[in-house]
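See below for the structure under consideration.
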Amino acid sequence: MAVGSEQGHVAALVEAALGQRAAQQALTALTIAPSLLAEGGSNVSRAALAMAMNIVLFHGLLERVPSGAAYVTDTVARGGKVMFDHGALRTVRMPQGPTGALPPGEDAFTRIFLPLGYQLAGVYPLDRLKMTGRAYVHADAPEDIPQFFLSELHIDRFDPAFGEVAARVFGTSRDPLDSQRHGALDSYARGEPVSFDRAVEALPILISAFDRQHDPVSLDDYEQLLARSHEAAWIATEGNAFNHATDRVRNVAALADRLRQEDWPIKDKIEISRNGRVRQTALRADPVERLFAGKELRQVPGSFYEFISRDVDPATGRLDLSFDASNATGIFAMTSVKS
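Using numbering that gives the first Met the number 0, the letters of the sequence shown map in sequence onto residues 0 to 338.
So, in structure tokens, the structure goes:
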């Protein structure tokens, strides 16, 4: 593919996935390490494909989150850029076995993350939500390639009636990564080279995993899930799409004050980690219209745009890339129906 010989792998992969205009917008808006942008040659590193995947996912979130898109446009107009810190997604772990045709819970995504160079960096019990969050950081460029905050909703922590509804809703899940579509990931896992053309072919397949894989939920089942778990209800309509994307900023408190003064739909409170080094806030989730199983159209919470400030960890002298269970619980409330 000619585009691969004219520019670095990351930009070329993003252009192949999004088209020239959208790729240029995405690449212009984001701060990307020069070392990642400079990579060329006949083979694509796992870091380059991971970065390209994140850029395409970030672009997709902005298409679904008008408030986030408006903020990014405003930031670029002010001469700034976005430092994409992490993306978050939610999964469902049934009491036993897979989720329909999908691997159970986080396994549906670790099969992508691990071959691309991600490693587990932290486990965060979200007990109030009956969830567990896990952070995955890229081994090759932990501060430059966005992390993933991957959470599981534990169906076995609810009553049997809830479990029956969950099985009915999520049991219809399809697997976008069948055995014939693992080629590039298998090569990365074995440490084998992956050509540019194979990476181009793999990228849209990987992106397709970040979506709703199950059939449309009925309004009755949605209401039953919502009564017990806003997170389950959100997954029922949005699936494994990015729940939020996060902009790493220098001073989240000052930014929140400015956005509040400018009437942006900003969260009332800043979440501060127990160690004091990680501070987070967010714009409230944008509403979206979803068609339910009975062809009923309803407005529900969609995804949202988050902000984070990270201080240096004095013990390591490096940026504190950790998360905090209390912070995550507070941020997850952005997709509550009442938020």
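Glycine included, each C-beta is placed from N, C-alpha and C at the ideal position.
{"Check": "Within 8 Å, strictly: CB atoms of L282 and V55", "Outcome": "no"}
{"Check": "Proximity of A231 and A165 at Cβ, strictly below 8 Å", "Outcome": "yes"}
{"Check": "Supposed contact pair V299 and R289 - C-beta distance, whole angstroms, cut 8 Å", "Outcome": "5 Å"}
{"Check": "Assigned exposure category for R89 - 16 Cβ within 10 Å defines buried", "Outcome": "buried"}
{"Check": "Sub-8 Å separation of G205 and I307 beta-carbons", "Outcome": "The residue asked about is misnamed: residue 205 is Leu in this sequence, not Gly. Contact: no."}
{"Check": "N-terminal and C-terminal residue of the alpha helix (DSSP H) that A50 is part of", "Outcome": "Per the sequence presented here, residue 50 reads as Met, with Ala not at that position. Its alpha helix (DSSP H) spans residues R45 to R63."}
{"Check": "Whole-number beta carbon distance between S217 and L101, since they are thought to touch under 8 Å", "Outcome": "At roughly 20 Å, the Cβ-Cβ gap does not stay under 8 Å, so L101 and S217 are not in contact."}
{"Check": "Inside the stretch 52-128 only - alpha helix (DSSP H) runs reaching at least 4 residues", "Outcome": "65-76 and 106-112"}
{"Check": "First and last residue of the uninterrupted beta strand (DSSP E) at E151", "Outcome": "Q146 to H153"}
{"Check": "Pairwise C-alpha distance: G301 and P286", "Outcome": "5 Å"}
{"Check": "Three CB pairs or more closer than 8 Å across the stretch 18-32 and the stretch 45-54", "Outcome": "yes"}
{"Check": "Strand pairing of P300, partner residues [DSSP]", "Outcome": "P286"}
{"Check": "Contact check, G121 vs G170, beta carbons under 8 Å", "Outcome": "no"}
{"Check": "Inside the stretch 178-203 only - alpha helix (DSSP H) runs reaching at least 4 residues", "Outcome": "182-188"}
{"Check": "Status (buried if at least 16 other CB within 10 Å, exposed otherwise) for N250", "Outcome": "exposed"}
{"Check": "The stretch 322-330 / the stretch 266-274 touching (three or more Cβ pairs under 8 Å)", "Outcome": "yes"}
{"Check": "Three or more C-beta pairs below 8 Å linking the stretch 180-191 and the stretch 247-267", "Outcome": "no"}
{"Check": "Proximity to E237 [Cα-Cα], best of V248, F209 and Q118", "Outcome": "F209"}
{"Check": "CB of F147 within 8 Å of CB of Y117, strictly", "Outcome": "yes"}
{"Check": "Per-residue burial, L128 [other beta carbons within 10 Å of its own, 16 or more giving buried]", "Outcome": "buried"}
{"Check": "From Q24, H229 and G39, residue whose alpha carbon lies closest to that of F161", "Outcome": "H229"}
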